[in-house]
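Novice: My questions will all concern the structure given below.
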Amino acid sequence: MRLLSLTVLFAAALSVALPAGAAEPIRIGAVVSATGPASFLGEPERNTLQMQADALNAAGGLLGRPVEIIVLDDETDVNKAVLAVDRLLKKENVVAVVGPTVSGNSLAVAPKLEAAKVPLVSMAAAEKIVKPVNPWVFKTAQSDRLAVGRILSHAKAKGYKKLAILTVSDGYGQAGREVLKEMLPAGGFELAGDEVYGPKDTDMTAQLTKLKGTAPDAIICWGTNPGPAVVAKNRVQLGITTPLYMSHGVASKKFIELAGEAAEGLLLPAGKLTVAGQLPESDPQKALLLAYSKAYEDRFKTPASAFGGYGYDGLMLVAQAIAAGKDASPAAIREALEKIAAFPGVTGVFNFSPADHNGLDESAFVMVTITGGDFKLLAD
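What follows is the structure in structure tokens.
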């Protein structure tokens, strides 16, 4: 487990924005997979947390107090995620925790936050994180159900009836597979084929060949990099022309880089950040998305990603709860989080309630296709 201490990074901002001898800082913890297999998710999250904490302090902090964020790297390891949360709760005395990055780690640490009565705002996607509702656990990433809903709406509009699925055998893929197997028949679709691949597999031709034999109208692949890029390449190598949907887990330029020309024509639900410049001016998120994207690229010299947006939303939702409740105690933050409504974030417009700790609907996704090496917004 690695400590990514941000205290020094904030020193300059604090000295300008807040007077000497200011009140004790509000300490917020974060657990990210900045290294390890999910680093493509965790690195932009870590960067965003740094950037937004600086922005909060430059604007005067919260309740007249500086914000101190303590970011720990769980290295995409569930045991290290648990140790990180232990440290944040017992040594750092944080008032809230943002993260972890991945679903399995989030599910593993949730009981600790509940026992400590400290709110957790996960950045992971699995619906199980917030369903059934745990009073102390929220999440910023869109649930798999919303992504599947977007795909099936598109498939229905295209007249597709037989759909095959290919999912990765990790926590993300298993969660997606469960939702797909539930929602396909409920939506009037036939599940033509159901294949699985391992997260470290480097060839999926056997699975794709089996799916091709079922003559589906379209195939849905559910996974995160690099597996889906292998699927895309194998599809081209096998001469399969059946439309291929990907999950929102590949909605970044990194996937296009990995898949190369095989990405052309693929379809997927994506957060609006992916196509921010293509959104209509009336979109309630557009101004924020463009500002976040510019700030991130200016600071880190690389394009912003929807994954970093999960970190933005996690920290800013906690900040909003503290500001709205005028109280930085864990119990007050939890209560105020549950009341947040019509809050535009990078991931979507959040409407939390006692019955909904994700607070998003299908409008958090748009359907895009990949053309000419970039994402293109598809009309509804």
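Letter by letter, the sequence shown follows residues -22 to -1, 1 to 358 in mature numbering (1 follows the signal peptide of the UniProt record, and there is no 0).
We put the CB at the ideal spot given by N, CA and C, even for glycine.
1. What residues match up with residue 175 in a beta bridge as DSSP calls it?
2. Along the chain, which unbroken stretches of the alpha helix (DSSP H) at least 4 residues long are found entirely within the region 204 to 235?
3. Buried or exposed, going by whether 16 or more other CB atoms sit within 10 Å of the CB of residue 57?
4. Express the C-alpha separation of residue 229 and residue 249 in angstroms, rounding to a whole number.
5. By how many angstroms is the C-alpha of residue 10 removed from the C-alpha of residue 185?
6. Could you tell me which residues DSSP pairs with residue 355 in its beta bridges?
7. Per DSSP, which residues does residue 307 bridge with? Please list them.
8. Hey, residue 253 and residue 346: beta-carbon distance below 9 angstroms or not?
9. Residues in its own chain within less than 8 angstroms of residue 181 by CB, not counting five upstream and five downstream?
10. What number of angstroms, rounded off, separates the C-alpha of residue 123 from the C-alpha of residue 136?
11. What number of angstroms, rounded off, separates the C-alpha of residue 235 from the C-alpha of residue 343?
12. Is the CB-CB distance between residue 13 and residue 7 below 9 angstroms?
13. May I ask which residues mark the beginning and end of the beta strand (DSSP E) holding residue 100?
14. Classify residue 260 as buried or exposed, calling it buried when 16 or more other Cβ atoms lie within 10 Å of its own Cβ.
15. Using a Cβ-Cβ cut-off of 6 angstroms (strictly less than) and excluding sequence neighbours within five positions of residue 204, which residues of its own chain qualify?
16. Looking only at its chain, what residues have a beta carbon closer than 6 angstroms to the beta carbon of residue 206, apart from the 5 residues adjacent to it on each side?
17. Alpha carbon to alpha carbon, how far is residue 102 from residue 157?
18. DSSP three-state call for residue 326: helix, strand or coil?
19. Would DSSP call residue 293 helix, strand or coil?
20. My understanding is that residue 243 touches residue 348, with C-beta atoms under 8 angstroms, so please give their C-beta distance in whole angstroms.
21. Specify the secondary structure class of residue 80 as computed by DSSP and reduced to three states.
22. For the ligand HEM, any of its heavy atoms closer than 8 angstroms to the Cβ of residue 339?
23. Are the beta-carbon atoms of residue 317 and residue 301 separated by less than 9 angstroms?
24. Taking the alpha-carbon of residue 350 as reference, which of 241, 150 and 76 has the nearest alpha-carbon?
25. Are the CB atoms of residue 282 and residue 54 within a distance shorter than 9 angstroms?
26. How should residue -2 be labelled, buried or exposed, when 16 other C-beta atoms within 10 angstroms of its C-beta is the threshold for buried?
Specialist: Put simply:
1. Here residue 175 refers to the residue found at position 197 when the sequence shown is read from its first residue. In the DSSP output, where bridge partners are listed per residue, residue 175 has 146.
2. 205 to 215
3. Looking up residue 57 in the sequence shown gives position 79. With fewer than 16 Cβ atoms within 10 Å of its Cβ, residue 57 is classed as exposed.
4. The residue given as residue 249 occupies position 271 in the sequence shown. The residue given as residue 229 occupies position 251 in the sequence shown. Each residue's Cα considered, the two are about 8 angstroms apart.
5. Position 207 of the sequence shown, counted from the start, is the residue given in the question as residue 185. Position 32 of the sequence shown, counted from the start, is the residue given in the question as residue 10. Cα to Cα, residue 185 sits roughly 33 angstroms from residue 10.
6. By 1-based counting over the sequence shown, the position of residue 355 is 377. Beta-bridge pairing links residue 355 to 346.
7. Against the sequence shown, residue 307 aligns to sequence position 329. DSSP, once it has assigned bridges, lists no residue as partnering residue 307.
8. One-based indexing of the sequence shown puts residue 253 at position 275. One-based indexing of the sequence shown puts residue 346 at position 368. Closer than 9 angstroms, so yes.
9. Here the question's residue 181 lines up with position 203 in the sequence shown. The residues are 208 and 212.
10. Position 145 of the sequence shown holds residue 123. Position 158 of the sequence shown holds residue 136. Residue 123 and residue 136: Cα-Cα distance of roughly 20 angstroms.
11. As a first step, residue 235 must be located in the sequence shown, where it is residue number 257. As a first step, residue 343 must be located in the sequence shown, where it is residue number 365. Distance between the alpha carbons of residue 235 and residue 343: 22 angstroms.
12. What you label residue 13 is simply residue 35 of the sequence shown in a count that begins at 1. What you label residue 7 is simply residue 29 of the sequence shown in a count that begins at 1. No, the pair does not count as a contact, with Cβ atoms beyond the cut-off.
13. Locating residue 100 in the sequence shown gives position 122, where the first residue counts as 1. Start and end: 98 to 100.
14. Against the sequence shown, residue 260 aligns to sequence position 282. Exposed is the call here.
15. In the sequence shown, the residue the question calls residue 204 occupies position 226. Once the five neighbours on either side are set aside, the close Cβ partners of residue 204 are 236.
16. For the purposes of this step, residue 206 is taken as residue 228 along the sequence shown, with counting starting at 1. Same-chain partners within the cutoff: 199, 224 and 228.
17. In the sequence shown, residue 102 corresponds to position 124, counting from 1. In the sequence shown, residue 157 corresponds to position 179, counting from 1. Residue 102 and residue 157: Cα-Cα distance of roughly 16 angstroms.
18. Here residue 326 is taken as the residue at index 348 of the sequence shown, counted from 1. Of the three classes helix, strand and coil, the one that applies to residue 326 here is coil, per DSSP.
19. For the purposes of this step, residue 293 is identified with residue 315 of the sequence shown, where counting begins at 1. In this structure, residue 293 counts as helix in the three-state DSSP scheme.
20. Start at 1 with the first residue of the sequence shown, and residue 243 comes out as number 265. Start at 1 with the first residue of the sequence shown, and residue 348 comes out as number 370. Indeed, because the Cβ distance is near 7 angstroms, the residues count as touching under 8 angstroms.
21. Position 102 of the sequence shown, counted from the start, is the residue given in the question as residue 80. It is coil, neither helix nor strand.
22. The ligand HEM is not part of the structure shown, which contains no ligands of any sort.
23. Within the sequence shown, residue 317 is the residue found at index 339, counting from 1. Within the sequence shown, residue 301 is the residue found at index 323, counting from 1. No. Outside cutoff.
24. Indexing the sequence shown from 1 puts residue 350 at position 372. Comparing Cα-Cα distances from residue 350 to each of 241, 150 and 76, the minimum goes to 241.
25. Locating residue 54 in the sequence shown gives position 76, counting from the first residue. Locating residue 282 in the sequence shown gives position 304, counting from the first residue. Going by C-beta atoms, residue 54 is not nearer than 9 angstroms to residue 282.
26. On the sequence shown, residue -2 is found 21 positions in, with the first residue counted as 1. The predicted position of residue -2 is uncertain, since its pLDDT is 48 and thus under 50; no value can be drawn from it.
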